[in-house]
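As numbered in our numbering, residues 272 to 736 make up the first sequence, in order.
Think of the CB as a built atom: it goes at the ideal place given N, C-alpha and C, for glycine as much as any other residue.
Source: prediction; values computed, not measured.
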Amino acid sequence: MQPIITRFPPSPTGFLHIGGARTALFNWLFTRHHGGRFILRIEDTDVVRSTEDAIKAILDAMEWLGLDWDEGPYFQTQRLAIYREYLNRLLERGHAYYCECTPAALEEHRQAALAQGRKPKYDGRCRDRGLGPGPNRVIRFRCPQLGTTVLNDLIKGPILFDNAELDDLVLERSDGIPTYNFAVVIDDITMNITHVIRGDDHVPNTPRQILIYQALDVPLPSFAHVPMILGQDRAKLSKRHGATSVMAYKEMGYLPEALINYLVRLGWSHGDQEIFSREELIQHFSLENVGKSPSVFDPEKFIWLNAHYLRARSAESLVPLLEPFLAAREHPKKPAEYLAKAIRTLQPRTHDLVEMADAMNFYMVQDVSYDPAAAKKFLTPNMIEPFKKLIASLESLELFNEANLESAFHGVVSEMGLKLGKVAQPARVALTGSTVSPGLFEIIDVLGKEAVLRRLRKAVEYMSG
RNA sequence: GGUCCCAUCGUCUAGUGGCCUAGGAUAUCGGCCUCUCACGCCGAAGACACGGGUUCGAGUCCCGUUGGGACUACCA
Numbered sequence: 272m273q274p275i276i277t278r279f280p281p282s283p284t285g286f287l288h289i290g291g292a293r294t295a296l297f298n299w300l301f302t303r304h305h306g307g308r309f310i311l312r313i314e315d316t317d318v319v320r321s322t323e324d325a326i327k328a329i330l331d332a333m334e335w336l337g338l339d340w341d342e343g344p345y346f347q348t349q350r351l352a353i354y355r356e357y358l359n360r361l362l363e364r365g366h367a368y369y370c371e372c373t374p375a376a377l378e379e380h381r382q383a384a385l386a387q388g389r390k391p392k393y394d395g396r397c398r399d400r401g402l403g404p405g406p407n408r409v410i411r412f413r414c415p416q417l418g419t420t421v422l423n424d425l426i427k428g429p430i431l432f433d434n435a436e437l438d439d440l441v442l443e444r445s446d447g448i449p450t451y452n453f454a455v456v457i458d459d460i461t462m463n464i465t466h467v468i469r470g471d472d473h474v475p476n477t478p479r480q481i482l483i484y485q486a487l488d489v490p491l492p493s494f495a496h497v498p499m500i501l502g503q504d505r506a507k508l509s510k511r512h513g514a515t516s517v518m519a520y521k522e523m524g525y526l527p528e529a530l531i532n533y534l535v536r537l538g539w540s541h542g543d544q545e546i547f548s549r550e551e552l553i554q555h556f557s558l559e560n561v562g563k564s565p566s567v568f569d570p571e572k573f574i575w576l577n578a579h580y581l582r583a584r585s586a587e588s589l590v591p592l593l594e595p596f597l598a599a600r601e602h603p604k605k606p607a608e609y610l611a612k613a614i615r616t617l618q619p620r621t622h623d624l625v626e627m628a629d630a631m632n633f634y635m636v637q638d639v640s641y642d643p644a645a646a647k648k649f650l651t652p653n654m655i656e657p658f659k660k661l662i663a664s665l666e667s668l669e670l671f672n673e674a675n676l677e678s679a680f681h682g683v684v685s686e687m688g689l690k691l692g693k694v695a696q697p698a699r700v701a702l703t704g705s706t707v708s709p710g711l712f713e714i715i716d717v718l719g720k721e722a723v724l725r726r727l728r729k730a731v732e733y734m735s736g
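Given below as structure tokens:
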């Protein structure tokens, strides 16, 4: 059995988006599962729209997601000689021909056909003129007009196309650069690609590509077309659906393992399992379990997964990931140990790193500012006495740990004949400025004796003033 | 318009003719836990688009209808 070789061929005309990332992921998983080779190929034949920035952005995103490749990146614009060679073979065998129709004339034809309700396809007027090379001439593929072409799709099953529906597509532009449909075939042939796994928006292209394989008399790879990812309006996911770039999610505080897990479950399943480690994914992934229908991108489920992975990670590993977000909020640097301890209290309470960085605020500042409503409700003069007792009790504590803190609190509370809640909320406001926070004793433990006493005294001052 | 694809809770999905009184997840709602908020746990509500066949039996197979989507470039 021949080794499996797949490829991911983004065109560098923009960032790596969610749909492309899932296609890359499926290719990667399929390849890793079978122990094959995964090739990265940059399809930059659209020289007008391709940019260096986009190439870098795509590579960065692949790296962030942990989708490593075994070969490449190859660039199509560096392979022009190869395309030329295959083009000559096609020309020699009469499978291709020169055409001198101008884009303007073609466009006019299209419009006319559309206006009359006819199918807008190239009419083949240069087909048999026996034209040779010349300025402003393109090379077209001589498409068989009879018969049917069958695409045996691994996901969708057999799909039949009537060749009469196809027209003579352009293989090489007038500037000598091949078009996508030609370059992709030649690359897949010369790179020995065994499985072409791509979005099903490519299905209509496939019969034309198959015809080129046949004209060249080379064997076909296997094709697998995965359904689209749609936005919430059920249209193909695009910029207008909000964030669609992979790296935008990094900036929004998402974890790569969450994106991977979310994306893989869009179209693929393994029974009822929702959470997968990368190893499990490689172990279980197969094309047979890829569904046929498109799926809607659901930010709510994605955020749930992200929160899950945020909780699953060690607090220590989160420190370097969170630091840029903290720095963006202009907090001074704190020791990693302190940050990890603080992060641990926030892990079950936040869904992403942005939320976490915001929630970190009271751990990062010198003095907290009170939420006005919270202060008004809880920092009332009747709390002065309990707070003073609390301060005295905490001051005398040798070991400032959660257990001792808890008994110190309970001591004060019962002495005053109060419920813990009566003191806890005011203390929370005093320490964090807010009525919502991690557990009181966790906070105190992280903040440390000095900061806690300082904030409690400030609160007493506030209540007295 | 033409060609092609698709169709199970709002969303992601399990289901490959009897195990389905249709399962899980998320979101929603209720309860428990509790120093607040989360987490966690328990529970509720919620789907086989419709119509014909085939079959002893259909969510599962076939046909049609409807609905949605993709493509229709010297973009990829």
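Cβ pair residue i, residue j closer than 8 Å
{"i": "A292", "j": "V517", "result": "yes"}
{"i": "Q485", "j": "V455", "result": "no"}
{"i": "L691", "j": "F680", "result": "yes"}
{"i": "L537", "j": "L442", "result": "no"}
{"i": "S708", "j": "I714", "result": "yes"}
{"i": "Q354", "j": "I426", "result": "Note that residue 354 is Tyr in the sequence shown here, rather than Gln. Against a cut-off of 8 Å, the Cβ pair of I426 and Y354 comes out as no contact."}
{"i": "V723", "j": "F649", "result": "no"}
{"i": "I468", "j": "T294", "result": "yes"}
{"i": "G285", "j": "P527", "result": "no"}
{"i": "H366", "j": "F412", "result": "yes"}
{"i": "R726", "j": "V639", "result": "yes"}
{"i": "P449", "j": "H466", "result": "no"}
{"i": "P490", "j": "L422", "result": "no"}
{"i": "L300", "j": "F556", "result": "yes"}
{"i": "G290", "j": "L508", "result": "yes"}
{"i": "Y260", "j": "A514", "result": "The question about residue 260 has no answer here: the residues shown for the chain are numbered 272 through 736."}
Whole-number beta carbon distance between residue j and residue i, since they are thought to touch under 8 Å
{"i": "G524", "j": "H512", "result": "Going by Cβ atoms, the distance from G524 to H512 rounds to 19 Å, so no, they are not a contact pair."}
{"i": "Q347", "j": "T316", "result": "5 Å"}
{"i": "N434", "j": "G418", "result": "5 Å"}
{"i": "V717", "j": "A613", "result": "5 Å"}
{"i": "V625", "j": "L610", "result": "Not confirmed; about 16 Å, so no contact."}
Range covered by the beta strand (DSSP E) that runs through residue i
{"i": "R411", "result": "V409 to F412"}
{"i": "V497", "result": "S493 to V497"}
{"i": "N632", "result": "Careful: N632 lies outside any beta strand (DSSP E), inside the alpha helix (DSSP H) at N632 to M635."}
{"i": "P429", "result": "G428 to D433"}
{"i": "E677", "result": "Not the beta strand (DSSP E): E677 falls in the alpha helix (DSSP H), residues E673 to E686."}
{"i": "N423", "result": "T419 to D424"}
{"i": "L442", "result": "V441 to E443"}
{"i": "F649", "result": "Unbroken run through F649 is the alpha helix (DSSP H), P643 to F649; no beta strand (DSSP E)."}
{"i": "H466", "result": "H466 to G470"}
Enclosing alpha helix (DSSP H) for residue i [first to last residue]
{"i": "E732", "result": "K720 to S735"}
{"i": "T461", "result": "Y451 to T461"}
{"i": "L279", "result": "Per the sequence shown, residue 279 should be read as Phe rather than Leu. Counting along the chain, F279 falls outside any alpha helix (DSSP H), though it belongs to the beta strand (DSSP E) covering I276 to F279."}
{"i": "M518", "result": "V517 to E522"}
{"i": "I655", "result": "I655 to E666"}
{"i": "Q480", "result": "T477 to L487"}
{"i": "V535", "result": "P527 to V535"}
{"i": "I553", "result": "R549 to H555"}
{"i": "T284", "result": "That residue, T284, is in no alpha helix (DSSP H); it is neither H nor E in DSSP."}
{"i": "A701", "result": "L691 to T703"}
Exercise. So, do the stretch 275 to 294 and the stretch 304 to 319 have three or more beta carbon pairs nearer to each other than 8 Å?
Worked result: With a cut-off of 8 Å, the stretch 304 to 319 and the stretch 275 to 294 count as touching, because enough Cβ pairs lie within range.
Problem set entry | Runs of alpha helix (DSSP H) wholly within the stretch 305 to 344 (minimum 4 residues, chain order) | 323 to 336
Problem set entry | Segment contact flag, the stretch 484 to 498 with the stretch 463 to 473, C-beta cutoff 8 Å, min 3 pairs | yes
Exercise. Where are the alpha helix (DSSP H) runs, 4 residues long or more, that stay fully inside the stretch 557 to 616, in chain order?
Worked result: 570 to 583 and 586 to 599
Exercise. Quick check: the stretch 556 to 573 against the stretch 532 to 548, are there 3 or more CB pairs under 8 Å?
Worked result: yes
Exercise. Just checking, does the stretch 361 to 379 make contact with the stretch 324 to 341 on the three C-beta pairs under 8 Å criterion?
Worked result: no
Exercise. Considering only residues of the stretch 343 to 390, which uninterrupted beta strand (DSSP E) runs meet the minimum length of 3 residues and lie entirely inside it, listed in chain order?
Worked result: 367 to 370
For this session: Decide if the stretch 430 to 440 is in contact with the stretch 390 to 409; the criterion is three or more beta carbon pairs, one per stretch, under 8 Å apart.
Result: yes
Exercise. Just checking, does the stretch 674 to 688 make contact with the stretch 650 to 665 on the three C-beta pairs under 8 Å criterion?
Worked result: yes
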